[in-house]
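Asker: Number 6 in the numbering used here belongs to position 5 of the sequence shown; there are no gaps in the numbering.
Ideal Cβ placement from N, Cα and C applies to all residues, glycine included.
Computed from a prediction, not measured in an experiment: that's the story for all the values here.
Please see the structure below; I have some questions.
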Amino acid sequence: MDKIHTLRSVFDVRQLKVLPKVVIIYGYQDDPEYMYDAAIAHHAEGIIYAGTGAGSVSVRSAAGIKKAQQAGIVVVRASRTGSGVVPPDDSQPGLVADSLQPGKSAYTADDRADAD
2 MDKIHTLRSV FDVRQLKVLP KVVIIYGYQD DPEYMYDAAI AHHAEGIIYA
52 GTGAGSVSVR SAAGIKKAQQ AGIVVVRASR TGSGVVPPDD SQPGLVADSL
102 QPGKSAYTAD DRADAD
């Protein structure tokens with residue numbers, strides 16, 4: 002899939018004064034849900050879930066992501082493996098980062114949070 006970037010990008014940050022607060026939460030087996038509670042309590046506007054493999058979400062993280070989304074926080078699923086694609090999957094919560102690494106995915110969440 003070709004990505005439109007630079008001057009032709011769909012993201013326009015020229016009018017932004019401050020980027021929205023986005024946090025990266027690393028997913029792993031039996032990861033704690035309280036990380037999402039902390040993001041909500043500290044008024045995060047976006048969360049990047051840096052998951053294993055194709056950005057798969059654990060049961061606890063799925064519950065935390067659901068709470069975050071209900072609080073109006075944009076959630077983007079990314080992979081922390083260093084390569085590969087996070088495909089769209091209706092059974093998994095959040096937007097997908099496609100082939101973007103978690104750090105670069107933060108810009109996607111920034112833009113989505115600012116658009117809301």
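Do three or more CB pairs link the segment 21-36 to the segment 48-63 at distances below 8 Å?
Answerer: Touching, yes.
Asker: Could you tell me which uninterrupted beta strand (DSSP E) segments, each at least 3 residues in length, are contained entirely in the segment 59-88, listed from first to last along the chain?
Answerer: Qualifying beta strand (DSSP E) stretches, in chain order: 75-80.
Asker: Tell me, please, which residues DSSP counts as bridged to I48.
Answerer: Paired residue(s): V24 and V76.
Asker: By Cβ distance, which residues of its chain are closer than 7 Å to Q102, with the 5 residues on each side in sequence left out?
Answerer: If we look at Q102 and ignore the five residues flanking it on each side, its Cβ neighbours are A79.
Asker: Quick one: is V76 buried, meaning 16 or more other Cβ sit within 10 Å of its Cβ, or exposed?
Answerer: It is buried - the Cβ of V76 has at least 16 other Cβ atoms within 10 Å.
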